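J.: First, the structure itself, so that you have it in front of you.
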Amino acid sequence: MSLVAAASAHLESRYTLVLLTYLGTCAVLVVTNVVRALSFGGGADAATRAKWLVLAAASLGATWYYMFAFLARSYSDYADGVVLKACSPAWSAQCAPTVAAWLRDTRLFEQAWGHVVSGATQWWWSSEVCLLAVGAWIVKGREESALDRLPNLFLLMLLGQAVAVSVALCLTFLTLAQTPSVSFRPTQPGRLFIAEMALMAAGAYSVTEPPTTLLRLAAMHAPPLVLSFLPARPVRRKVLYAFLFLYSLMIRYNLSLEIRAALPAGASFFATLRDTLWSHPAQSSIGLDNVCSTVAVAAYVLQERSERKGPQSTAWILALLAPVLGPSAILAAWGGLRSVDREIFVGPEEAAAAEEKKEQ
16 MSLVAAASAH LESRYTLVLL TYLGTCAVLV VTNVVRALSF GGGADAATRA KWLVLAAASL
76 GATWYYMFAF LARSYSDYAD GVVLKACSPA WSAQCAPTVA AWLRDTRLFE QAWGHVVSGA
136 TQWWWSSEVC LLAVGAWIVK GREESALDRL PNLFLLMLLG QAVAVSVALC LTFLTLAQTP
196 SVSFRPTQPG RLFIAEMALM AAGAYSVTEP PTTLLRLAAM HAPPLVLSFL PARPVRRKVL
256 YAFLFLYSLM IRYNLSLEIR AALPAGASFF ATLRDTLWSH PAQSSIGLDN VCSTVAVAAY
316 VLQERSERKG PQSTAWILAL LAPVLGPSAI LAAWGGLRSV DREIFVGPEE AAAAEEKKEQ
């Protein structure tokens with residue numbers, strides 16, 4: 016074998032190793048987060064633990080069935096379009112490209128992401144999981160982390176970005192179910208909270224339209240990971256929740272208007288969304304991540320209602336509206352209501368005494 020051929024073979028095997036390493040990392044993240052969620056606190060009953068594990072498994076199965084279907088379709092398109100055209104049918108098997116060659120010549124992320132942000136109907140399905148990651152989910156995570164109820168926030172955010180947001184959401188809610196909800200006495204926002212707001216603003220900016228540039232992609236992926244790593248304080252976040260609720264509604268409403276405006280005469284809005292969901296494996300994967308996240312958020316709201324946490328009648332309304340308003344808006348609305356419900360009022364004298372003690 017010549018030096019050039021040997022180097023080429025080594026390079027191709029490296030691409031295969033990268034894919035296998037990614038898949039292995041995803042598997043490790045899933046197992047690690049499941050184990051940590053089950054071992055933390057231990058206050059949830061067997062039925063509650065089973066519910067969240069089943070929902071997490073269903074989310075993983077739904078999203079990754081279509082993720083593997085996307086990989087298979089990408090390889091098939093590569094083989095048909097690049098290599099097999101030069102071969103006679105009798106020699107097709109011998110001419111089939113290796114997996115390493117496919118990985119070397121194909122930019123899988125660009126293929127998948129390029130499809131799910133290619134239009135308003137595609138982004139209608141994809142935007143919700145992005146909004147959750149940069150919005151209500153990370154805010155909820157930091158709020159609970161400050162109260163020592165969510166010690167594995169960074170790993171959960173990493174799981175959401177590498178595997179599926181819906182899987183990570185289910186394990187987040189499982190972890191929260193393991194410990195009793197606690198009230199908190201708000202502290203004064205410090206510089207860290209200002210940094211949190213700046214990162215939140217960057218994340219919110221990134222999803223105002225489909226992120227197709229490197230800057231927007233970085234602004235979408237980096238803030239949740241950085242925020243999950245930074246220490247959190249029990250500060251008032253109800254205004255932030257309210258902003259995220261309205262912001263999520265605005266994006267969903269604008270996308271719906273854009274889709275309706277582009278529909279041909281007589282075309283159905285819901286049929287168009289349905290057809291888009293099943294139009295491509297990558298779209299089905301992220302679209303089902305949206306669906307599973309909606310189910311998870313609705314289940315979480317109803318679970319807290321059953322435990323007499325938060326406004327009871329409002330919980331049913333929010334859960335029923337989840338498919339219409341989207342999981343991001345519903346989690347923001349419920350998070351804001353629960354934040355107000357759990358906040359311990361601090362009078363002026365008590366606040367001054369606390370600040371004086373802090374300075375000492």
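The C-terminal position of the sequence shown is numbered 375 in my numbering, with every residue numbered one higher than the one before it.
Using N, Cα and C, we set each Cβ at its ideal position, and we do this for glycine too.
The structure displayed is predicted, hence computed values, not measured ones.
Under a Cβ-count criterion, where at least 16 other Cβ atoms within 10 Å of its own Cβ denotes burial, should Gln203 be classed as buried or exposed?
T.: Here residue 203 refers to the residue found at position 188 when the sequence shown is read from its first residue. By the neighbour-count rule (16 or more Cβ atoms within 10 Å), Gln203 is not buried but exposed.
J.: Whole angstroms are fine: how far does the CA of Thr309 sit from the CA of Pro338?
T.: Position 323 of the sequence shown, counted from the first residue, corresponds to residue 338. Position 294 of the sequence shown, counted from the first residue, corresponds to residue 309. C-alpha separation (whole angstroms): 6 Å.
J.: At 4 residues or longer, what runs of the alpha helix (DSSP H) sit wholly inside the segment 114-161?
T.: 114-120, 123-131, 135-149, 151-161
J.: Can you give the beta carbon distance from Leu123 to Tyr30, rounded, assuming they're within the 8 Å contact cut?
T.: If you number the sequence shown from 1, residue 123 lands on position 108. If you number the sequence shown from 1, residue 30 lands on position 15. Not quite, the Cβ-Cβ distance comes to about 10 Å (not below 8 Å), so this is no contact.
J.: Go ahead and pull the three-state DSSP assignment for Phe258.
T.: For the purposes of this step, residue 258 is identified with residue 243 of the sequence shown, where counting begins at 1. Here Phe258 sits in helix by DSSP.
J.: Please classify Val8: is it buried, with 16 or more other beta-carbons within 10 angstroms of its beta-carbon, or exposed?
T.: Since the displayed the chain opens at 16 and closes at 375, residue 8 lies outside it and no answer follows.
J.: Is the beta carbon of Val182 less than 8 Å from the beta carbon of Ser74?
T.: Reading the sequence shown from its first residue, position 167 is the one you call residue 182. Reading the sequence shown from its first residue, position 59 is the one you call residue 74. In this structure, Ser74 lies closer than 8 Å to Val182 by Cβ.
J.: Report all residues from its chain with a CB closer than 7 Å to the CB of Ser221; omit the five preceding and five following residues, and keep chain order.
T.: In the sequence shown, residue 221 corresponds to position 206, counting from 1. Val149, Arg231, Ala234, Met235.
J.: When the distance is taken between beta carbons, is Thr194 closer than 8 Å to Arg164?
T.: Along the sequence shown, read from residue 1 onward, the residue named residue 164 stands at position 149. Along the sequence shown, read from residue 1 onward, the residue named residue 194 stands at position 179. In contact: Arg164 and Thr194 (Cβ atoms closer than 8 Å).
J.: For Glu273, list the residues DSSP reports as bridge partners.
T.: Here the question's residue 273 lines up with position 258 in the sequence shown. Note: Glu273 sits in no beta bridge, so no partner.
J.: What first and last residue would you give for the alpha helix (DSSP H) that runs through Arg357?
T.: Residue mapping note: residue 357 aligns to position 342 of the sequence shown, counting from 1. 342-357 is the extent of the alpha helix (DSSP H) around Arg357.
J.: Could you check the C-alpha separation between Trp106 and Thr223 for me, to the nearest Å?
T.: Counting from 1 along the sequence shown, the entry for residue 106 is found at position 91. Counting from 1 along the sequence shown, the entry for residue 223 is found at position 208. Residue confidence is low: Trp106 scores 49 on pLDDT, short of 50, so the model does not pin down where it sits. Its coordinate-derived value is still stated next. Just so you know, the alpha carbons of Trp106 and Thr223 end up roughly 50 Å apart.
J.: Looking at C-alpha atoms only, which residue of Leu352, Tyr256, Ala72, Ile266 is the closest neighbour of Cys145?
T.: Numbered from 1 along the sequence shown, position 130 holds the residue referred to as residue 145. Cys145 has its Cα closest to that of Ile266, out of Leu352, Tyr256, Ala72, Ile266.
J.: How many angstroms separate the CA atom of Ser354 from the CA atom of Leu303?
T.: For the purposes of this step, residue 354 is identified with residue 339 of the sequence shown, where counting begins at 1. For the purposes of this step, residue 303 is identified with residue 288 of the sequence shown, where counting begins at 1. Rounded to the nearest angstrom, the two C-alpha atoms are 29 Å apart.
J.: Per DSSP, what kind of secondary structure is Trp106 in: helix, strand or coil?
T.: Locating residue 106 in the sequence shown gives position 91, counting from the first residue. In this predicted model, Trp106 has a pLDDT of only 49, less than 50, meaning its place in the structure is not dependable; the value taken from the coordinates is given anyway. If DSSP states are grouped into helix, strand and coil, Trp106 belongs with the helices.
J.: In this structure, how does DSSP classify Phe244 when only helix, strand and coil are distinguished?
T.: Your numbering for residue 244 matches position 229 in the sequence shown. It is helical.
J.: Between the C-alpha atoms of Arg206 and Arg248, what's the straight-line distance to the nearest angstrom?
T.: By one-based count along the sequence shown, residue 206 stands at place 191. By one-based count along the sequence shown, residue 248 stands at place 233. C-alpha separation (whole angstroms): 11 Å.
J.: Mind checking whether Ala330 and Ser263 have CB atoms under 8 Å apart?
T.: One-based indexing of the sequence shown puts residue 330 at position 315. One-based indexing of the sequence shown puts residue 263 at position 248. Cβ atoms of Ala330 and Ser263: not closer than 8 Å.
J.: Spatial neighbours of Ala84 within its chain, please: CB distance less than 7 Å, with the 5 preceding and 5 following residues excluded, ordered by chain position.
T.: The residue you call residue 84 lines up with position 69 of the sequence shown. Only Pro296 meet the Cβ criterion.
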